[in-house]
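The structure appears right after this line, and notes come after that.
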Amino acid sequence: MSVDEGYDEGQSGGDEELETIRQRKMQELQRQIEEDRKRQELAAQRRAVLRAILTPEARERLDNLRVVRPELVDALEQQLITLAQSGKVRVPITDEDLKRILETIYKQTHREFRIRYR
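One point on numbering: in our numbering, the residue at position 61 of the sequence shown is 329, and numbering is uninterrupted.
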């Protein structure tokens, strides 16, 4: 057995291992692509529902608010979708309706701090 033959035998084991790693990476990549596709599909459905239940002005207000409070807007949008689908809110939701909803949320979550000097 020459040095080259021994190297070839060891190399074939490495090739199999490398191929296994490649397959795992490919499966992981395909899984991520599928998850991204599903996420995009859900986001598109959500946008379509919001277009149906909000006036353009109300959507614009939410888009502006999203810049500063994205987590609030995400939760609020989900709540608005749920309320609209269950018939508990008048559709379309106008900018004035949205302002009232936002004021209610603000009053419920806002804490006033007072600093006292002694």
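By construction, the Cβ of each residue, glycine as well, lies at the ideal position given by its N, Cα and C atoms.
- Looking only at 338, 380, 325 and 386, the smallest Cα-Cα distance to residue 362 is reached by 325.
- Counting only the Cα atoms, residue 376 lies some 14 Å from residue 344.
- Exclusion of the five residues before and after residue 349 leaves 317 as the residues of its chain whose Cβ lies within less than 6 Å of its Cβ.
- For residue 364, the enclosing alpha helix (DSSP H) starts and ends at 363-377.
- Looking from the CA of residue 310, the closest CA among 346, 368 and 372 belongs to 346.
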